[in-house]
Amino acid sequence: MTEQDPSARTAFVLAGGGSLGAVEVGMLAALVEHGVDADFVVGASAGAINGAYFAGRPDTDGVAELAEIWRGLSRRDIFPISLVRGMLGLLSVGNHVAGSGRLRRLLAENLAYENLEEARLPVHVVATDLVTGMEVVLSSGSAVDAVLASASIPAIFPPVRMKGRYLADGGIANNTPISVACDLGATRAIVLPTGFACHIDAPPADTIGMALHAMSLLIARQLVVDLDRFAERIALHVAPPLCPLATSPMDFSRADELIERGADATRRWLDDGGLECSVIPPELRGHGHG
1 MTEQDPSART AFVLAGGGSL GAVEVGMLAA LVEHGVDADF VVGASAGAIN
51 GAYFAGRPDT DGVAELAEIW RGLSRRDIFP ISLVRGMLGL LSVGNHVAGS
101 GRLRRLLAEN LAYENLEEAR LPVHVVATDL VTGMEVVLSS GSAVDAVLAS
151 ASIPAIFPPV RMKGRYLADG GIANNTPISV ACDLGATRAI VLPTGFACHI
201 DAPPADTIGM ALHAMSLLIA RQLVVDLDRF AERIALHVAP PLCPLATSPM
251 DFSRADELIE RGADATRRWL DDGGLECSVI PPELRGHGHG
């Protein structure tokens with residue numbers, strides 16, 4: 001078990017990353033095994049889905065259930081692309097190419113609470129105001145609506161109307177919301193990144209896969225900048241993302257492998273003193289594999 005400073009206020013900060021969010025489930029499993037507790041959880045996009053579920057059941061059984069949910073997902077469960085809707089979207093008849101009904105049902109069936117403030121751990125979900133571009137932090141109200149908004153990729157899913165705003169993917173404004181954890185009073189942040197597909201021969205061939213891959217590259221670059229920016233304000237500990245990694249953020253068929261690899265890498269990181277030092281994992285920086 002990891003010794004914790006009783007005066008520290010610890011936030012788990014979970015990044016977005018499409019299907020690569022499965023990696024975070026393995027990371028959470030390793031953290032729970034080592035007795036690492038969070039005082040609150042902050043997440044964006046896929047990280048909001050994982051963070052909200054974990055906040056409702058922040059224990060070994062809860063993480064195991066979350067892993068089973070991920071293992072049962074398919075691309076169609078999350079991205080039910082309709083040919084007709086896709087063509088209409090391209091012709092500017094509508095502003096999205098996929099419905100969010102399946103994702104909404106998935107959230108409604110599996111979240112252990114109705115409103116964010118009812119979770120066992122305080123949970124804060126980051127979304128983006130599609131009119132102003134501003135970051136919106138949701139800490140109360142409908143958990144399903146908040147998480148759905150945070151995970152709604154523009155042009156793919158419709159925005160979610162909440163409190164007079166049109167909200168979409170939190171990854172646009174703040175994909176790895178360390179700044180939110182700081183503003184909420186964290187003295188220590190344990191950051192769970194999803195990484196990016198660093199071991200592919202060519203960019204994804206499909207439109208949505210290409211968009212998500214490009215976003216994951218941007219996310220990794222911005223996370224390095226944010227880690228440098230906040231290093232003096234908060235103790236930062238970043239679990240290492242997987243490397244080499246050849247899985248697309250659209251590929252849900254590899255969830256079991258990603259969960260297991262994420263858990264193993266995080267266990268090694270914890271055993272090697274990952275919570276005693278603050279190091280930016282080299283896997284987050286631009287690199288290739290021949």
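Per my numbering, the sequence shown starts with residue 1, numbered consecutively. Ideal Cβ placement from N, Cα and C applies to all residues, glycine included. Quick caveat, the model's predicted, so the values are computed rather than measured.
Checklist entry - So which of SER100, ALA143 and PRO122 has the shortest CA-CA distance to LEU111? => result ALA143
Checklist entry - Assuming ILE259 and ALA67 make a contact with CB atoms under 8 Å, what is their CB distance in whole Å? => result 5 Å
Checklist entry - Using CA coordinates, which residue listed in LEU31, ASP251 and VAL13 is at the minimum distance from ARG268? => result LEU31
Checklist entry - Is it the case that the Cβ atoms of VAL42 and ALA11 are separated by a distance below 8 Å? => result yes
Checklist entry - Is the region 153–160 touching the region 176–195 in the sense that three or more CB pairs, one from each, lie closer than 8 Å? => result no
Checklist entry - Taking DSSP as the reference, what is the three-state secondary structure of ASN175? => result coil
Item to check | Closest residue to GLU33 among ASP59, SER248, VAL126 and GLY18 (Cα-Cα distance) | outcome: ASP59
Checklist entry - Looking at the structure shown, is VAL105 part of a helix, part of a strand, or coil, going by DSSP? => result Looking at the sequence provided, one finds Arg at residue 105 rather than Val. Three-state DSSP puts ARG105 in a helix.
Item to check | Cα-Cα separation, PHE79 to VAL23 | outcome: 19 Å
Checklist entry - How would you label HIS289, buried or exposed, when you count the other beta carbons within 10 angstroms and need 16 or more for buried? => result exposed
Checklist entry - Of the choices GLY185, LEU184, LEU217 and ILE208, whose alpha-carbon is the least far from that of ASN198? => result For clarity, residue 198 is Cys in the given sequence; the question names Asn instead. Taking only the C-alpha atoms, the option nearest CYS198 is LEU217.
Item to check | Same chain, Cβ closer than 6 Å to ALA220, neighbours up to 5 away in sequence not counted | outcome: PHE196 and LEU284
Item to check | Other residues of its chain near PRO281: CB distance less than 6 Å, five sequence neighbours each side excluded | outcome: VAL238 and PRO240
Checklist entry - Distance, Cα to Cα, ALA119 vs HIS287? => result 39 Å
Item to check | First and last residue of the uninterrupted alpha helix (DSSP H) at TYR53 | outcome: 46–56
Item to check | PRO154, DSSP secondary structure in three states | outcome: strand
Checklist entry - Exposed or buried, which one is MET1 when buried takes at least 16 other CB atoms within 10 Å? => result Note that MET1 has pLDDT 41, beneath the 50 cutoff, so the model's placement of it is unreliable and the number below is only indicative. That one is exposed.
Item to check | Presumed contact (8 Å Cβ cut-off) between SER253 and ALA151, rounded CB distance | outcome: About 19 Å; that fails the 8 Å criterion.
Checklist entry - Could you check where the alpha helix (DSSP H) with ILE234 kicks off and where it finishes? => result From DSSP, ILE234 is part of no alpha helix (DSSP H); its letter is neither H nor E.
Item to check | Inter-residue Cα distance where the pair is ASP129 and ILE172 | outcome: 9 Å
Next on the checklist: Determine whether the beta carbon atoms of LEU223 and PRO193 lie at a separation below 8 Å.
Outcome noted: yes
Item to check | Backbone secondary structure at PHE252 - three-state DSSP | outcome: helix
Checklist entry - Between the C-alpha atoms of PRO122 and ASP39, what's the straight-line distance to the nearest angstrom? => result 7 Å
Item to check | Whole-Å CB distance - MET250 paired with ARG75, under 8 Å assumed | outcome: 6 Å
Checklist entry - Does DSSP classify HIS124 as helix, strand or coil? => result strand
Checklist entry - CB-CB under 7 Å to ALA149, same chain, minus the five flanking residues each way: which ones, in chain order? => result ALA127, VAL160, MET162, LEU167 and ALA168
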